[in-house]
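The numbers in the working numbering rise by one with no breaks, and the one at position 202 of the sequence shown is 1230.
Shown next, in structure tokens, is the structure this report addresses.
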Amino acid sequence: MESSEEEDDFPSIESVTPQSKIDTIYQSNCPTLKRLSEEVVETEHELNDLRKLISAQGILVHDLMSGVCRELDEWNQVIGDIRETEQNQGNSKLEDPLPNEAEDHKRIFLENVDVLLAEHKVEEALEALDVEETIRLSEKKAMVEDQLVEITEQPLVGILELKKALSGLVKLGKRALANQLLLKSHGSRLQRNIEAFLPFCPSYQETYSATLSNLVFSAISLTSKDSSLVFGDNPTYTNRVIQWAECEIESFVRSVKENALPSETVYALRAASICVQASLSHCSALESQGLKLSKLLLVLLRPYIDEVMELNFRRARRQVLDFAETDESLPLSPRFASPLSIFATSSDNFLIGCGMRFIFIIKVC
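Next comes the structure, spelled out in structure tokens:
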């Protein structure tokens, strides 16, 4: 019995695995171990790359959050300054909800970003930051746009300031608005100049129309040049300048008619002639800028010119008939009477008198 127990405690040598079998098993599993080792190394490299990527994204998120927070702080500071100004002006009784709304928006936004980062939703956090940055940029653009529009609408804005403001609107992508403000500004300036001159029209009965023509066509020329500088040779904006110029010419013709003397007077005839001559001269100069306005000008002025000429012709004819019916002699100017007396006979005195009367009517009456 004792011998059997000893055999159980010390198993026989046959139960031990031979070394050769161990070597065989190791050699058969060696490629698997190598492959596992290589996979472990690759996994470590991927983990290192992932750590670097997460670190870079964390830095980017931190920078974006810092930028957004800085923008929000500046916005709150601007709102605070506006509120303080209103209080200094006696509007302290009015409550402005904008600062509280801005603070709430900032707090909620930062909390949302923190939650996304805590949940490792880096892409969603970046997208939220991009959206917030876009909103802040849009608000800043709107503020700048309002300031530029306010500059252009000032009555006494200078030409250089106007051009800078319009160029700023173009950079913001507001080309149509800039063109509208350009025409509006030049139109307002022209209207002020015309209103300042109209009270002096009675003092310049013959030349007032030429002065009005100079004001109108000079404004058209300046507007066309400014439009080319700001918008370039864009046909769309060039056509808008032409349409604006046509409206101003129509207004100019109405002003000429409203401030003209009675059409049957010789002063009205002279004023109309001077107006046509000066206006056509300006139209000829504007053709070099691509503005062809002479046809429209003649169409608008022709009824008025026809009326003036017709009434003056009737007046002259009545005067000639009146002189022909009377025997009263018209005293001749010495510079006409001397040479005529050499060739005239007694039978020609009547014809000479009628001729001199006609000249007198045309030049004086």
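Cβ atoms here follow ideal geometry from the backbone N, Cα and C, with glycine treated the same way.
Contact annotation: residue 1221 and residue 1294 have beta-carbon atoms that are not nearer than 8 Å. DSSP places residue 1232 outside both helix and strand once states are collapsed to three, so it counts as coil. If you check the CB distance, residue 1288 and residue 1299 come in under 8 Å. Between the beta-carbon of residue 1277 and that of residue 1211 there is about 14 Å, and that puts the pair past the 8 Å contact cut.
Under the 8 Å Cβ criterion, the segment 1185-1204 counts as touching the segment 1162-1175, having at least three qualifying pairs. Counting every other CB atom within 10 Å of its CB across the protein chains shown gives residue 1073 a total below 16, marking it as exposed. Excluding five sequence positions before and after residue 1335, the CB atoms of its chain that fall closer than 6 Å to its own CB belong to 1291, given in chain order. Of 1233, 1274 and 1264, the smallest CA-CA separation from residue 1324 is found for 1274. Between the C-alpha atoms of residue 1086 and residue 1199 there is a straight-line separation of about 34 Å.
Look at residue 1180 here: in three-state DSSP terms it is helix. Counting only the Cα atoms, residue 1185 lies some 31 Å from residue 1231. Pairing residue 1255 with residue 1269 gives a Cβ-Cβ distance under 8 Å. Rounded to whole angstroms, the Cβ separation of residue 1314 and residue 1249 is 6 Å, and the two are in contact under 8 Å.
Residues of the same chain with a CB within less than 6 Å of the CB of residue 1216, apart from the 5 flanking positions on each side, do not exist. The Cβ neighbour count for residue 1238, taken over all protein chains shown within 10 Å, is at least 16; the residue is labelled buried. 1206 is the residue among 1206, 1311 and 1170 whose C-alpha sits nearest the C-alpha of residue 1260.
A Cβ-Cβ separation of about 6 Å places residue 1234 in contact with residue 1302 under the 8 Å criterion. The beta carbons of residue 1318 and residue 1266 sit about 6 Å from each other, so the pair counts as a contact at 8 Å. The Cβ atoms of residue 1251 and residue 1214 sit closer than 8 Å to each other. Counting only unbroken stretches of 3 or more residues, no beta strand (DSSP E) element lies wholly within the segment 1237-1268.
Restricted to the segment 1285-1353, the alpha helix (DSSP H) segments that are unbroken, complete and at least 4 residues in length are 1294-1314 and 1322-1353, listed in chain order.
Shown here, residue 1086 sits in a helix according to DSSP, grouped into three states.
Residue 1280 is positioned such that its CB atom lies closer than 8 Å to that of residue 1244. Around the beta-carbon of residue 1284, 16 or more other beta-carbon atoms lie within 10 Å, marking it buried. Nearest to residue 1229 by C-alpha distance, out of 1286, 1064 and 1166, is 1286. When the beta-carbon positions are compared, residue 1308 and residue 1337 stay at least 8 Å from each other. About 6 Å separates the beta carbon of residue 1189 from that of residue 1179, a gap short enough to meet the 8 Å contact definition.
In the three-state reduction of the DSSP assignment, residue 1202 falls in the coil class. When DSSP states are grouped into helix, strand and coil, residue 1281 belongs to the helix group. Using a 10 angstroms sphere on the CB of residue 1069, the tally of other CB atoms stays under 16, which defines it as exposed. Distance between residue 1187 and residue 1152, taken at the CA atoms: about 48 Å. For residue 1159, the secondary structure class from DSSP, reduced to helix, strand or coil, is helix.
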